[in-house]
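S.K.:
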Amino acid sequence: MALVLAFLLPPLGVGWKRGLLSVAFWLNLVLTAFFWVPGSIHALWVVTDE
223 MALVLAFLLP PLGVGWKRGL LSVAFWLNLV LTAFFWVPGS IHALWVVTDE
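FYI, the numbering for the sequence shown is 223 to 272, going by the working numbering.
1) Taking the C-alpha atoms as reference points, what is the distance between A265 and L231?
2) Quick one: measure Cβ to Cβ for V259 and V236, integer angstroms, because I've assumed they're closer than 8 Å.
3) Ordered along the chain, which non-local residues of its own chain (more than five positions away) have a Cβ less than 8 Å from that of A224?
4) Identify whether L253 lies in helix, strand or coil by the three-state DSSP scheme.
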């Protein structure tokens, strides 16, 4: 489920994995606001990083 969110709605995937107050969430929000592709790449990286 987190991978699907990370691909379709990158900030939600990162927020679900790391929390809405994390630096990764806010960075992903900025990346997604500029262009969708960098945001989704970052989200997939954050979600799969364990």
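Ideal Cβ positions, reconstructed from N, Cα and C, are used throughout, including at glycine.
M.R.: The short version:
1) 9 Å
2) No, V259 and V236 are not in contact; Cβ-Cβ is about 15 Å, not under 8 Å.
3) G235, W238, K239, V269
4) helix
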